[in-house]
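J.: Before we start, here is the structure in question, set down as structure tokens.
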Amino acid sequence: MIDEPTETETEPADEKTEADVETIETEAETGDETAETGIEPTETETESTGGATHRSSRRTFLKGAGVAGVGPGLVCRVTADENDPEPAYSPKITTLKYPLTGVPIVVPGGETVRIELDLDAPPAGLRAWLEPTFGEARPATALELVGTGVDDSAIWDGETHVVAEFRIPGVGGDLVPDVHDLHVAWDGGSDAQPRAVSVVESYPETPKIAVLADPQVGDPRPLKDGLEESLEDGSAEPFRYRATETFGVGAEKKRWAAFRRAASEINAVDPDVVLFAGDFVYGQDLPGKYLAEYEAAYEILNLVRAPTYATLGNHDGYVQSGIDGKELYEDYFAPRYYAVDVTPDLHLASLDTFDWPAADRLYASVAGNTWGGQVRDDQLRWLEADLRGAAERNPDATLVTLGHHDPSWIFTPQVTDALADGEEPQNQAWAGENRLELRDLLADAGVAVHFAGHFHGDRVARYHEGNVAETPGRGDFPPAELHYVRRDDTLDESRSQDELAEIIREPSHGTLFVETTTCGSTTRGGYWGWRLMEFETERGGVDPAIMGYPATEEFLREHALDPDSLNPDHADLGLFSYPSYFVRAERVEETETRTKLYVENGLDVPIDGSAIQSLAASSDLYVENATLDWRRIDGGEQDAQLGFGVDAHYYTTLVATTLNADALRAAGSRTDDGSAFTGGQTDRIDLRVSASEPVALRDTVPIEWGVSEARGDVARVEADEARGVRYVYFDGDAATDRAVTYFADAPDEPTETGVYEFGPIEVRAADEDYWVRVPDTTETNAVVGRET
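In this note's numbering, each number is its position in the sequence shown, counted from 1, plus 69.
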């Protein structure tokens, strides 16, 4: 379906000039949020090409909600008025239909990307380029047109689009592994999508995946949580905190701070992929508020510095004040359902699990009939064909599904059905068709994991012979216990807790179902958070342990709203999300020649991550306490990605300095008596350091080893129990060249036999308050306990 380009269709990539790119860029008027989000709002404009009308996708939200007409079909799609210079709202998805901010492409440099345009025929003068979404150095990278044609859409079921294949240059020079905005232009028109293309050097074998769910921008219910906490504690602080972190105070950029904080923390841990499990907005209380919520959610999502795959939640799809939320969702984020190969070995199908007719989704303020799950027959057949095709293309690929609702839940009826049966309406889980059919399809097709949200709490379950073994989390069965739920939704209480735990752990039983807590709405007994995992891309299932945070009883007592409903023994089943507000990255110094970023990790696990720092362009760059992953330069600006690792309950300060500035540089070495010791044996350690300015000196020693303060050049020894190390500080004034000696005693208990790491050496300039690691100054020593 893709034809080779003709001379009239394209300009060769190597002939595209900077002026050509600048001509298109002048159509966008940059707003204040550009540096933060990489999104450049434009004034509304329309172009007509080939009989179709197109709008730029990067716009500001200009006015409050308009009211759509309600007729025989119950709801009309909200559209911008072509003759109104300030329409009621401006859709983000118009002509460029793939890739999108909510359905991006991950692609290695040198390979091709598929671009879809909602046009009748391939246009003349078609061209495309990438711009970095984040940072200050944003050079444009032209793409080479390989061919065009008309074909069925890859993600919009039932639609036909113009399809163009463009080749991305190899990684190097201005093009670095990062998230990019995609720009497309043709004679008479243009469009763009932020964060639509993630360029990588190669596909990750074990991708790091983060999961976000249920921020529900606009939700007032966290205020209720805060009020209950304040009444219980006898203090106004919990209510003030919840109010500040949701509705905010003062500037608009401070609203929905919990969602923003989760985005910031996910950026710090630098995942390869982010999955968003639905309910971007609340969409339920005030007429006209839906549009503003969608605009805010779109802005915050575009703060995430990783390719993000979206799915539709029930709150995203209500029919409210004559506006169909599903239409808004498709104008802002993604199709209702779609499937893509994230990598050649990882296939993702995103489902519309709120698959109800408009009449069932109708809400009058907070009053509605349906918020539970359903997948109707047409979508189920589409999913079956998709999963079968994905397995045929690559039998070794891992299959993953993403949907707001979870078919491993029990059935709970709609409000009207419950009342008709004389029952009290329940908090709806799965309220419609094809719950068991979808559950069986996922297991039969070999889907490794189904990710979900909806209940604002954590839960993990395993398919087992058509039934479900589950952790607590939904609230329908006894809290803090594992359950075995039969297909008829009754409990089988014959199995022990240990037996149920083994079923959940065993991948061969079938699909794992994983729910993630809310990152900014009312919580169901738990806390605000997100998930993070190193995901094994192998068929045959997934160990749930990779999904969770090692929450302890002490942690739950301190941070969960209802700790008695949770069981810390379930942490090894991957139950708990990572808590928000435990990772902080704050820029503490920023000049043209120097930046300092303070990173603090309050989690019980170490983190690895990265951050982009922007400075004036220079011939070289020196970094401290970090690795220099890449640099890019655009005119007088440069961006540098700094990679870092921070131990549990520790911190670091990342420093980037242009070498024409006054930078601290250091090199060093260590020598000792050997690399293998018996328990109790003493090791003499000699350290040497040469630095660009006078420095103080310290070394890092495993806490199991003793250090003599009476011998050598030791000034004092400080133990850091949280990190499991001792810091050895040395006598003498700060100097550019230091040589010191100390003595360490190996542990002598048989249980302490093992391998221990010493170092790195760290130095500190006289006028600084942070320590800098000296490269290549670590060493491992093996110890055999005295009685072994």
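Yeah, the Cβ is synthetic: ideal placement off N, Cα and C, and Gly gets one too.
Is Y406 buried or exposed, if buried means 16 or more other CB atoms sit within 10 Å of its CB?
T.: Within the sequence shown, residue 406 is the residue found at index 337, counting from 1. By the 10 Å Cβ count, Y406 comes out buried.
J.: Please report the residue range of the beta strand (DSSP E) in which N850 lies.
T.: Along the sequence shown, one-based indexing puts residue 850 at 781. Unbroken beta strand (DSSP E) run through N850: 848 to 853.
J.: So what does DSSP say about R504, is it helix, strand or coil?
T.: Taking the first residue of the sequence shown as 1, we reach residue 504 at position 435. Three-state DSSP puts R504 in a helix.
J.: Just list the residues that DSSP pairs E658 with in beta bridges.
T.: One-based indexing of the sequence shown puts residue 658 at position 589. Answer is K665.
J.: Please state the DSSP three-state secondary structure of T820.
T.: By 1-based counting over the sequence shown, the position of residue 820 is 751. Correct three-state label for T820: helix.
J.: Going by DSSP in three states, A679 sits in which element: helix, strand or coil?
T.: What you label residue 679 is simply residue 610 of the sequence shown in a count that begins at 1. Before going on, a small fix: residue 679 reads as Ser here, not Ala. In this structure, S679 counts as strand in the three-state DSSP scheme.
J.: In three-state terms, what does DSSP make of E102?
T.: Taking the first residue of the sequence shown as position 1, residue 102 is located at position 33. Since pLDDT at E102 reaches only 35, below the 50 mark, its modelled position is unreliable, and the value read off the structure follows with that caveat. Coil at E102, not helix or strand.
J.: Can you tell me the Cα-Cα spacing of L281 and G793, whole angstroms?
T.: Taking the sequence shown and counting its residues from 1, one reaches residue 281 at position 212. Taking the sequence shown and counting its residues from 1, one reaches residue 793 at position 724. L281 and G793: Cα-Cα distance of roughly 32 Å.
J.: Go through its chain and collect everything with a Cβ distance to T849's Cβ below 6 Å, but skip five positions before and after it.
T.: Residue numbering aside, residue 849 sits at position 780 when the sequence shown is read from its first letter. Once the five neighbours on either side are set aside, the close Cβ partners of T849 are V824, E826.
J.: Using 10 angstroms around the beta-carbon of P816, count the other beta-carbons present and answer buried if the total reaches 16, otherwise exposed.
T.: Locating residue 816 in the sequence shown gives position 747, counting from the first residue. P816 is buried by the Cβ-count criterion.
J.: Hey, out of P307, L188, E205, E314, whose CA is closest to D256's CA?
T.: By one-based count along the sequence shown, residue 256 stands at place 187. The shortest C-alpha separation from D256 is found at L188.
J.: What is the DSSP secondary structure of H533, reduced to helix, strand or coil?
T.: Taking the first residue of the sequence shown as 1, we reach residue 533 at position 464. It is a strand residue.
J.: On a CA-only basis, which of E831, F624, I754, V764 is nearest A695? Give me that one, please.
T.: Here residue 695 refers to the residue found at position 626 when the sequence shown is read from its first residue. Per the Cα distances, E831.
J.: Is the stretch 576 to 586 close to the stretch 508 to 523, with three or more CB pairs under 8 Å?
T.: In short, these stretches touch, since the Cβ pair count reaches three.
J.: Are the beta-carbon atoms of Y272 and T380 separated by less than 9 Å?
T.: For the purposes of this step, residue 272 is taken as the residue at position 203 of the sequence shown. For the purposes of this step, residue 380 is taken as the residue at position 311 of the sequence shown. Taking 9 Å as the Cβ cut-off, Y272 and T380 do not qualify as a contacting pair.
J.: If you drop the 5 nearest sequence neighbours on each side, which residues of the same chain put their C-beta closer than 7 Å to that of F235?
T.: Within the sequence shown, the letter at position 166 stands for residue 235. Result list for F235: T181, V182, I184, A197, L212, E213, L214, V215, in chain order.
J.: Let me check understanding here. Comparing Cα to Cα, which of V692, P476, L644 lies closest to E550?
T.: Looking up residue 550 in the sequence shown gives position 481. Residue L644 is the option with its Cα nearest to E550.
J.: Keeping to the same chain, check which residues put their C-beta closer than 8 Å to that of V692; ignore five residues upstream and five downstream.
T.: The count along the sequence shown starts at 1 and reaches residue 692 at position 623. Closer than 8 Å at the Cβ level, and outside the excluded window around V692, lie A709, L711, L723, V724, A725, T726.
J.: Is the Cβ-Cβ distance between T377 and F349 less than 9 Å?
T.: The residue you call residue 377 lines up with position 308 of the sequence shown. The residue you call residue 349 lines up with position 280 of the sequence shown. Their beta carbons are not under 9 Å apart, which means T377 does not touch F349 by this criterion.
J.: Evaluate P547 with the Cβ neighbour count: other Cβ atoms within 10 Å of its Cβ, from every protein chain shown; 16 or more gives buried, anything less gives exposed.
T.: Residue numbering aside, residue 547 sits at position 478 when the sequence shown is read from its first letter. Looking at its Cβ environment, which holds fewer than 16 other Cβ atoms inside 10 Å, P547 is exposed.
J.: Checking 9 Å against the spacing of the C-beta atoms, do Y650 and R330 come in under that value?
T.: As a working note, residue 650 is residue 581 in the sequence shown. As a working note, residue 330 is residue 261 in the sequence shown. For Y650 and R330, yes; Cβs fall inside 9 Å.
J.: Indicate whether at least one CB of chain C lies closer than 9 Å to the CB of A813.
T.: Within the model displayed, chain C is absent; a lone protein chain is all it includes.
J.: Are there three or more Cβ pairs, one per stretch, closer than 8 Å when the stretch 167 to 181 is compared with the stretch 384 to 403?
T.: Yes, the stretch 167 to 181 is in contact with the stretch 384 to 403.
J.: Spatial neighbours of V797 within its chain, please: C-beta separation below 7 Å, excluding the five flanking residues on both sides.
T.: Here the question's residue 797 lines up with position 728 in the sequence shown. Cβ neighbours of V797 beyond the five flanking positions: R767, D768, V770, V776, V783, V786, Y811.
J.: For W451, collect the residues of the same chain with a Cβ closer than 8 Å to its Cβ; drop the 5 residues on either side in sequence, then sort them by chain order.
T.: For the purposes of this step, residue 451 is taken as residue 382 along the sequence shown, with counting starting at 1. Contacts found: D226, Y406.
J.: Pop quiz: V843 and L733 are said to be a contact at Cβ under 8 Å. What is the actual Cβ separation, rounded to whole angstroms?
T.: Residue numbering aside, residue 843 sits at position 774 when the sequence shown is read from its first letter. Residue numbering aside, residue 733 sits at position 664 when the sequence shown is read from its first letter. That belief does not hold up - the Cβ atoms of V843 and L733 are roughly 11 Å apart, past 8 Å.
J.: Whole angstroms is fine: what's the gap from A460's alpha carbon to Q707's?
T.: For the purposes of this step, residue 460 is taken as residue 391 along the sequence shown, with counting starting at 1. For the purposes of this step, residue 707 is taken as residue 638 along the sequence shown, with counting starting at 1. The straight-line gap from Cα to Cα measures roughly 43 Å.
J.: Which one or two residues does DSSP pair with L766 in a beta bridge?
T.: Counted from its first residue, the sequence shown places residue 766 at position 697. DSSP, once it has assigned bridges, lists V832 as partnering L766.
J.: Return the Cβ separation of A233 and L199 in integer angstroms, given the expectation that the two are a contact with Cβ distance under 8 Å.
T.: What you label residue 233 is simply residue 164 of the sequence shown in a count that begins at 1. What you label residue 199 is simply residue 130 of the sequence shown in a count that begins at 1. Contact flag wrong, Cβ pair sits at about 14 Å.
J.: Leaving out the 5 sequence neighbours to the left and right, which residues in its chain are closer than 6 Å to T846 when beta-carbon positions are compared?
T.: Within the sequence shown, numbered from 1, the residue matching residue 846 stands at position 777. Excluding residues within five positions, the ones whose Cβ falls inside 6 Å are G737, R739, G828, P829, I830.
J.: For my contact list, G382 and G347 are in at a C-beta cut-off of 8 Å; report their separation, rounded to the angstrom.
T.: As a working note, residue 382 is residue 313 in the sequence shown. As a working note, residue 347 is residue 278 in the sequence shown. That belief holds up - the Cβ atoms of G382 and G347 are roughly 3 Å apart, short of 8 Å.
J.: Going along the chain, which residues of its own chain have a beta-carbon closer than 8 Å to the beta-carbon of H718, five neighbours each way excluded?
T.: As a working note, residue 718 is residue 649 in the sequence shown. Closer than 8 Å at the Cβ level, and outside the excluded window around H718, lie N670, G671, L672, D673, A791, R792.
J.: Closest by CA to A427, which one among G598, G472, Q389?
T.: Here residue 427 refers to the residue found at position 358 of the sequence shown. Among G598, G472, Q389, the Cα nearest to that of A427 is on Q389.
J.: For G643, list the residues DSSP reports as bridge partners.
T.: Position 574 of the sequence shown, counted from the first residue, corresponds to residue 643. None, per the DSSP bridge assignment.
J.: Flag this pair as yes or no: are the beta carbons of V176 and P276 separated by less than 9 Å?
T.: Here residue 176 refers to the residue found at position 107 of the sequence shown. Here residue 276 refers to the residue found at position 207 of the sequence shown. For V176 and P276, no; Cβs fall outside 9 Å.
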